[in-house]
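Chemist: Pasting a structure here, questions to come.
2 protein chains.
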Amino acid sequence: MPTEQEHFMAQALALAEEAAAAGEVPVGCVIVRDGEIVGRGRNRREEKQATASHAEMEAIAQANAALGTWRLEDCELYVTLEPCPMCAGAILNARIRRVWYGARDEAFGACGGVTNLFMEGFPNRPALVGGILGEDCRRVLADFFAGLRNKEKIDPQI
Amino acid sequence: MPTEQEHFMAQALALAEEAAAAGEVPVGCVIVRDGEIVGRGRNRREEKQATASHAEMEAIAQANAALGTWRLEDCELYVTLEPCPMCAGAILNARIRRVWYGARDEAFGACGGVTNLFMEGFPNRPALVGGILGEDCRRVLADFFAGLRNKEKIDPQI
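From first to last, the protein sequence lines stand for chains B and D. Residue numbers 1 to 158, in the UniProt record's numbering, belong to the letters of the first sequence in order. Residue numbers 1 to 158, in the UniProt record's numbering, belong to the letters of the second sequence in order.
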């Protein structure tokens, strides 16, 4: 029986798998208020050629539209990969109160991987828990990058 | 005779004034490549009720569309107020090579005010110069907040 956190992270993971199938770095995100999903997002950076189209930003934009406000203080955010500085900053700006992530990101993570923006003295400090379905979240990324390397071996032009 | 930096910051300042006239916290931004403006943005957070609609994010989205790519490595960014963590993170993600800002932000600044994301060990480190037309950039913000306080005195319902 999955916990509530595993249930919502599985939804985010399904979005990450959708991103992988579309050739995007597989990251997915859902935003939850009162036990209901109010925003979903997955990485669409290549599709849109938009710097900001990370999973969290897409989910925040959808939650903004659903709730009619830029303030998401009653919301919790689930994301398969530790947020980068842009997304961690957007979480701070939205006043999201709690963040659950799957895999840690030692290269770009701004919630402990490289730095921790939630501990830097900004006015709000979301609660933070990592490692929810961590192994599954890591695997979808590892499989994606292994697939890219194999493609390069077959066709070095890619 | 204004310098090149003052010339572009004046364009950002005009966008900040447009934001103030629309009742938004007055911040404006332009993105420049090869001496030409390829993206303009101003704060539209209240109008759109979108967490991400800061001046820099709007300008980055416009530059993405103009150039057809999420990578802005040949670009420089001018903004009237020191970027917040979200916008500084987007600047890192876009690989923007240089940032010129006007006023420092001791409450939310992520380029020295509270923290400095450009010095944290992420893969790229944009060059950074503050204080371009700093006094003018500070004044447009101070006037806006003084106006809000006066309104509250006249009508405490606001």
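Glycine included, every Cβ here is placed at the ideal spot set by N, Cα and C. Computed from a predicted structure; not experimentally measured.
For B:Arg40, write down the residues that DSSP places opposite it in a beta bridge.
Modeler: In DSSP, B:Arg40 forms a bridge with B:Val30.
Chemist: Determine the DSSP secondary structure at D:Val25, reduced to helix, strand or coil.
Modeler: Coil, per DSSP.
Chemist: According to DSSP, which residues form a beta bridge with D:Cys111?
Modeler: Looking at the DSSP assignment, D:Cys111 forms a beta bridge with D:Asn116.
Chemist: Ordered along the chain, which non-local residues of its own chain (more than five positions away) have a Cβ less than 8 angstroms from that of D:Gln62?
Modeler: So the qualifying residues of the chain are Ile31, Val38, Gly39, Arg40 and Gly41.
Chemist: Can you tell me whether DSSP reads D:Leu77 as helix, strand or coil?
Modeler: Of the three classes helix, strand and coil, the one that applies to D:Leu77 here is strand, per DSSP.
Chemist: Determine whether the beta carbon atoms of B:Asp136 and B:Leu13 lie at a separation below 7 angstroms.
Modeler: In contact: B:Asp136 and B:Leu13 (Cβ atoms closer than 7 angstroms).
Chemist: Beta-carbon within less than 6 angstroms of B:Arg33's beta-carbon, same chain only, minus the 5 sequence neighbours each way: which residues are those?
Modeler: Once the five neighbours on either side are set aside, the close Cβ partners of B:Arg33 are Asp74 and Cys75.
Chemist: Counting along the chain, where does the beta strand (DSSP E) carrying D:Leu128 start and finish?
Modeler: That run of the beta strand (DSSP E) goes Ala127 to Val129.
Chemist: Where does the unbroken alpha helix (DSSP H) through B:Arg139 begin, and where does it stop?
Modeler: Note, B:Arg139: alpha helix (DSSP H), Gly134 to Ile154.
Chemist: Does DSSP put D:Ile60 in a helix, in a strand, or in coil?
Modeler: If DSSP states are grouped into helix, strand and coil, D:Ile60 belongs with the helices.
Chemist: Using the rule of at least 16 other Cβ atoms within 10 Å of the residue's Cβ for burial, across every protein chain shown, is B:Ala90 buried or exposed?
Modeler: Per the 10 Å Cβ criterion, buried.
Chemist: Which residues in the same chain as D:Glu17 place their Cβ atom closer than 7 angstroms to its Cβ, once the five residues preceding and following it in sequence are excluded?
Modeler: Answer for D:Glu17: Pro26 and Val140, listed in chain order.
Chemist: Using the rule of at least 16 other Cβ atoms within 10 Å of the residue's Cβ for burial, across every protein chain shown, is residue 191 of chain D buried or exposed?
Modeler: Coverage of chain D is limited to positions 1 through 158, which leaves residue 191 of chain D absent and any answer about it impossible.
Chemist: Measure the beta-carbon distance from B:Gly28 to B:Ala19 and round it to whole angstroms, keeping in mind my assumption that it falls under 8 angstroms.
Modeler: Going by Cβ atoms, the distance from B:Gly28 to B:Ala19 rounds to 6 angstroms, so yes, they are a contact pair.
Chemist: Once DSSP output is grouped into helix, strand and coil, what is the label at D:Val89?
Modeler: As written in the sequence, residue 89 of chain D is Gly, which differs from the Val given in the question. Residue state, collapsed to three classes: helix.
Chemist: Identify the continuous beta strand (DSSP E) that holds D:Arg98 and give its terminal residues.
Modeler: Its beta strand (DSSP E) spans residues Arg98 to Ala103.
Chemist: CB-CB under 6 angstroms to D:Ala103, same chain, minus the five flanking residues each way: which ones, in chain order?
Modeler: Excluding residues within five positions, the ones whose Cβ falls inside 6 angstroms are Leu81, Gly134, Cys137 and Arg138.
Chemist: Residues of chain D with a CB under 9 angstroms from the CB of B:Glu56: which are they?
Modeler: The contacting residues do not exist; B:Glu56 stays about 10 angstroms from chain D at best.
Chemist: With burial defined as no fewer than 16 other Cβ atoms inside 10 Å of the residue's Cβ, what is the status of B:Ala59: buried or exposed?
Modeler: The residue in question, B:Ala59, is buried, as its Cβ has 16 or more Cβ neighbours within 10 Å.
Chemist: Is the Cβ-Cβ distance between D:Asn93 and B:Met119 less than 7 angstroms?
Modeler: No, they are not a contact pair.
Chemist: For the segment 22 to 51 of chain B, enumerate the residues whose C-beta is nearer than 7 angstroms to any C-beta of chain D, in chain order.
Modeler: Per Cβ criterion, the list reads Arg45, Gln49, Ala50 and Thr51.
Chemist: Here's the rule: buried if 16 or more other CB atoms are within 10 angstroms of the residue's CB, otherwise exposed. What is D:Pro2?
Modeler: Exposed is the call here.
Chemist: If you draw a straight line from the alpha carbon of B:His54 to that of B:Ala88, how long is it in whole angstroms?
Modeler: Near 11 angstroms, if we compare the C-alpha coordinates of B:Ala88 and B:His54.
Chemist: Are the beta-carbon atoms belonging to B:Trp70 and B:Gln5 less than 7 angstroms from one another?
Modeler: No. Outside cutoff.
Chemist: I need the boundaries of the alpha helix (DSSP H) containing D:Glu47, first residue and last residue.
Modeler: From DSSP, the alpha helix (DSSP H) with D:Glu47 extends over Arg45 to Lys48.
Chemist: Measure the alpha-carbon distance for B:His7 versus D:Asn116 and round it to whole angstroms.
Modeler: Using only the alpha carbons, I get a separation of about 36 angstroms.
Chemist: Which word fits B:Arg45, buried or exposed, when buried means at least 16 other C-beta atoms lie within 10 angstroms of its C-beta?
Modeler: B:Arg45 should be labelled buried.
Chemist: Using only the alpha-carbon positions, how far apart do B:Gly68 and D:Ala52 sit?
Modeler: Straight-line Cα distance between these residues: approximately 14 angstroms.
Chemist: Under 7 angstroms, Cβ to Cβ, is there at least one residue of chain D near B:Val114?
Modeler: B:Val114 counts as touching chain D.
Chemist: Does any residue of chain D bring its CB to less than 7 angstroms from the CB of B:Thr3?
Modeler: By this cut-off, B:Thr3 is not an interface position.
Chemist: Taking buried to mean at least 16 other C-beta atoms within 10 Å of its own C-beta, is D:Ala107 buried or exposed?
Modeler: Flag for D:Ala107 reads exposed.
Chemist: Which same chain residues end up closer than 8 angstroms to B:Ala50 when comparing Cβ atoms and leaving out the 5 residues on each side of it in sequence?
Modeler: Answer for B:Ala50: Arg44, listed in chain order.
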